[in-house]
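In the numbering used here, the protein residues as written are 67 to 428.
Just so you know, even glycine gets a beta-carbon here, dropped at the ideal spot from N, CA and C.
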């Protein structure tokens, strides 16, 4: 703690990652399991949604292809709730004729509702690796192989203790590096020199101190490749297209370097290393180039069906799709702006509020 107090003068919030009963929760385990077996719930797995069924301008169901290749249709008595996420939700809407009219017409898709905001405003969180090698074999390197892996598995199954109770990101921090009063950098602490497929991490034992930018300014797009639901989307995240994002990464890398140089890590023989043996970063420009080369998504896609009251908004404040009766969107695509942190809990909150809206109107 003294090290961090001396290292970081800005606003800082650090946390340690814990899990209840040594098991990580999920929406499936905490929501669906409670109603498993309920006759009102039917879950069809491994099915691919084609498009919405639109009748008289209103949503009435969805088409799908099941795991055996058979076509099917699910009908709604009240409303259709689209929860496909920030990449698939705009795809489903556009395939259904809901989206930018001129663009849909160019693909031969009949226009049901002109909503130019669909597929725009994509946002995500990125982080970059910052590596510190240590002299002793004290990281997670090799713990997932051979007899060590078998021992960890047995310890977890028998006693719910040991390494497998961890989600590997052992701790983190939210830091305000601009003095604005709001965090703009999140640090992920991982006790291994961790790579990102297909790139391997550096050899040896060490620590990854990865800064992520929480307030990205870059905005991407989701578009259709064709009118065929089986075709993948045309996705351009436009990562790091805004210069402000490169400047934020430079601040984050400097902070990670400051943490890696603290006495508590120096006593472990900590030495900063680069991913592929390049010279260490010195200037902001070099840090920006490092971000361009190594930045990766931490899987927080949002924003492509944003909420609002203006003409380009896709859903209103109760998650109804503007101009399409009996249709709501209930996922992270409705966020107008990405939250400054992980998106799991906020997305569950959106779902809770959607349930409140539906129940309150009956």
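Exercise. Using 8 Å as the Cβ pair cut-off and three pairs as the minimum, do the segment 184-202 and the segment 285-295 touch?
Worked result: yes
For this session: Pick out whichever of 105, 147 and 106 has its Cα sitting closest to the Cα of residue 424.
Result: The sequence position of residue 424 within the chain shown is 358, counting from 1. Restricting attention to 105, 147 and 106, the CA atom closest to the CA of residue 424 is found in 147.
Exercise. Do residue 155 and residue 370 have their C-beta atoms closer together than 8 Å?
Worked result: Position 89 of the chain shown, counted from the first residue, corresponds to residue 155. Position 304 of the chain shown, counted from the first residue, corresponds to residue 370. In this structure, residue 370 lies closer than 8 Å to residue 155 by Cβ.
For this session: Inspect the beta-carbon positions of residue 254 and residue 202 and report whether they are closer than 8 Å.
Result: Counting from 1 along the chain shown, the entry for residue 254 is found at position 188. Counting from 1 along the chain shown, the entry for residue 202 is found at position 136. The answer is no: Cβ separation not under 8 Å.
Exercise. For residue 153, which beta-bridge partners are listed by DSSP?
Worked result: Counting from 1 along the chain shown, the entry for residue 153 is found at position 87. None; residue 153 has no bridge partner.
Exercise. Can you check whether the CB of residue 171 is closer than 8 Å to the CB of residue 177?
Worked result: The residue you call residue 177 lines up with position 111 of the chain shown. The residue you call residue 171 lines up with position 105 of the chain shown. It is a contact, given that the beta carbons lie within the stated cut-off.
Problem set entry | Sub-8 Å separation of residue 379 and residue 312 beta-carbons | Against the chain shown, residue 379 aligns to sequence position 313. Against the chain shown, residue 312 aligns to sequence position 246. Not in contact: residue 379 and residue 312 (Cβ atoms no closer than 8 Å).
Exercise. How long is the line joining the alpha carbons of residue 337 and residue 323, rounded to whole angstroms?
Worked result: For this step, residue 337 is matched to residue 271 along the chain shown. For this step, residue 323 is matched to residue 257 along the chain shown. Looking at the two C-alpha atoms, the distance is approximately 10 Å.
Problem set entry | Beta-carbon separation (whole angstroms), residue 409 vs residue 398, contact threshold 8 Å | By 1-based counting over the chain shown, the position of residue 409 is 343. By 1-based counting over the chain shown, the position of residue 398 is 332. Distance from residue 409 to residue 398 at the Cβ level is roughly 5 Å; contact confirmed, criterion being Cβ atoms closer than 8 Å.
For this session: Note down the Cα distance separating residue 359 from residue 208, rounded to an integer number of angstroms.
Result: Here residue 359 is taken as the residue at index 293 of the chain shown, counted from 1. Here residue 208 is taken as the residue at index 142 of the chain shown, counted from 1. Spanning the two alpha carbons is a distance of roughly 27 Å.
For this session: State the beta-bridge partners of residue 430 as determined by DSSP.
Result: With the chain covering only 67 through 428, there is no way to say anything about residue 430.
Exercise. Apart from the five residues just before and just after residue 291, which ones in its own chain have a Cβ nearer than 8 Å to its Cβ?
Worked result: Taking the chain shown and counting its residues from 1, the one referred to as residue 291 is at position 225. Non-local beta-carbon contacts of residue 291 in its own chain, meaning distances under 8 Å to residues more than five positions away in sequence, involve 297, 298, 299 and 300 in chain order.
Exercise. Taking the runs of the beta strand (DSSP E) that are 3 residues or longer, which of them lie wholly in the segment 234-261?
Worked result: 237-241 and 251-256
Exercise. Which residues does DSSP pair with residue 394 in a beta bridge?
Worked result: Within the chain shown, the letter at position 328 stands for residue 394. For residue 394, which the question treats as bridged, DSSP gives the partners 147 and 386.
Exercise. So, using beta-carbon positions, are residue 200 and residue 273 closer together than 8 Å?
Worked result: Within the chain shown, residue 200 is the residue found at index 134, counting from 1. Within the chain shown, residue 273 is the residue found at index 207, counting from 1. Against a cut-off of 8 Å, the Cβ pair of residue 273 and residue 200 comes out as a contact.
For this session: Could you tell me the distance, in whole angstroms, from the CA atom of residue 429 to the CA atom of residue 109?
Result: Residue 429 falls outside the range modelled here, since the chain spans only 67 to 428, and no answer is possible.
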